[in-house]
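J.: For the sequence shown, the UniProt record's numbering gives the first residue as 1, with consecutive numbering after it.
There's a structure below that I have some questions on.
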Amino acid sequence: MRQRKSVKRIVATATKRPVFGDGDREVMEENCTMRPCSTDFSIAAIMSRHGRTRTSSNKCKDRDPPNCISPLEKFVETSSSSVASTPEPVTLDCAMVSHPVDLDSGRDSPVDVSSTSESSVTCHTTSRSSPPHNRNPLLQERWNCEELRNVTCHLETKELWDKFNDLGTEMIITKTGRRMFPTVRISFTGIRPDQKYVVILDIVPVDNKRYRYAYHRSSWLVAGKADPPAPCRLYAHPDSPFTGEQLRKQVVSFEKVKLTNNEMDKHGHLVLNSMHKYQPRIHLVKRQDGASGPIVDLESEEYKTFIFPETVFTAVTAYQNQL
1 MRQRKSVKRI VATATKRPVF GDGDREVMEE NCTMRPCSTD FSIAAIMSRH GRTRTSSNKC
61 KDRDPPNCIS PLEKFVETSS SSVASTPEPV TLDCAMVSHP VDLDSGRDSP VDVSSTSESS
121 VTCHTTSRSS PPHNRNPLLQ ERWNCEELRN VTCHLETKEL WDKFNDLGTE MIITKTGRRM
181 FPTVRISFTG IRPDQKYVVI LDIVPVDNKR YRYAYHRSSW LVAGKADPPA PCRLYAHPDS
241 PFTGEQLRKQ VVSFEKVKLT NNEMDKHGHL VLNSMHKYQP RIHLVKRQDG ASGPIVDLES
301 EEYKTFIFPE TVFTAVTAYQ NQL
């Protein structure tokens, strides 16, 4: 009987739950956090982590509420501020461009400051006053007499020349000589009626290239360097010299001039190379009183040269353009 009562007392004591107050619960939570058996998945660890987060947030609010931000917020704010403060692209100055860079090492090579500033000034000066591309002086209108400066020359067959020029004008040349078509027909204004003039035609190369015609493209292509040109000949109009009064009233036509590829020609024809481009020129020469011989050296005379770009042509022995 006594043994049964003692067993009941022991069981009741073992199964009886202790009652804790608020203070005892906090002590227990602290002890649980200090115990090494607590893990991230245990109730004690979760409760302790939540308690630490709440305590740290309260402490942060007590210290500096306005400036307290999380590390992630700080990173976002820093990134946005760096993007906002990024300067706009700056155009490189000549001094910066002229500064050499070592591509192998990725660092700037040492440069003399004086040479850098000097190159900068030179670059600015060149870009500001760079001269235009020099044109061929033989293809420009010019004069060496002020009296002839205001004289104008008109191409009477301009419409016909324009039509041929749009397709690519070709002129047949032969051994015996072939007349030009279209014909160069001109008139003058601004000349003195009592002065005598000689009207001269010559033909000069446009460039130093030789051409060939590409039938599949219907266009002229550069085929190489030009052949050595023949000595330039001056063709004076057969009715020269003219008086100024005559030139005011009539049209001067070079319908009798002939083109040849015979370098041994002795008939006064203009010698050209086949598959080369040429530009006809008109020279109005002021003839001195008493002069009667042929004009051989143009530079020794007072003259004015006229250029009509629409009269450019390609010399051929047979027509190439099938259009």
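For every residue, glycine included, the Cβ atom is placed at its ideal position computed from N, Cα and C.
Quantities reported herein were computed from a predicted structural model and do not represent experimental measurements.
Would you mind giving the Cβ-Cβ distance between ALA236 and ILE200, rounded to the nearest angstrom? I have them listed as a contact below 8 angstroms.
T.: 5 angstroms
J.: Could you check what DSSP says for PHE164 in three-state terms: helix, strand or coil?
T.: Residue state, collapsed to three classes: helix.
J.: Who are LEU155's beta bridge partners in DSSP?
T.: ILE186
J.: Any idea what DSSP makes of GLY244, helix, strand or coil?
T.: In the structure shown, the three-state DSSP call for GLY244 is helix.
J.: The ligand FAD heavy atoms versus the CB of GLY168: any closer than 7 angstroms?
T.: Summarising the ligand content, the structure contains no ligands, and the ligand FAD is consequently not present.
J.: Within a Cβ cutoff of 8 angstroms, which residues of the same chain sit near LEU167, ignoring the five residues on either side of it in sequence?
T.: Correct list, in chain order: ASN321, LEU323.
J.: Out of PRO228, ALA230, PRO229, LYS209, which has the shortest C-alpha to C-alpha gap to TRP220?
T.: LYS209
J.: Does the stretch 238-252 come into contact with the stretch 302-309, if we say contact requires no fewer than three beta-carbon pairs (one atom in each stretch) closer than 8 angstroms?
T.: Taking a cut-off of 8 angstroms for Cβ pairs, the stretch 238-252 and the stretch 302-309 do not touch, as fewer than three such pairs fall below it.
J.: Starting from the Cα of THR176, find the closest Cα among PHE188, LYS266, ASP207, ARG142 and give me that residue.
T.: LYS266
J.: Give the single residue among ARG248, THR152, ILE172, SER274 whose Cα lies nearest to the Cα of ARG212.
T.: SER274
J.: Considering just the uninterrupted stretch of the beta strand (DSSP E) at residue 327, what are its terminal residues?
T.: The question about residue 327 has no answer here: the residues shown for the chain are numbered 1 through 323.
J.: Leaving out the 5 sequence neighbours to the left and right, which residues in its chain are closer than 8 angstroms to residue 326 when beta-carbon positions are compared?
T.: There is no way to answer for residue 326, as the model of the chain reaches only from 1 to 323.
J.: Alpha carbon to alpha carbon, what distance is there between PHE313 and ALA226?
T.: 15 angstroms
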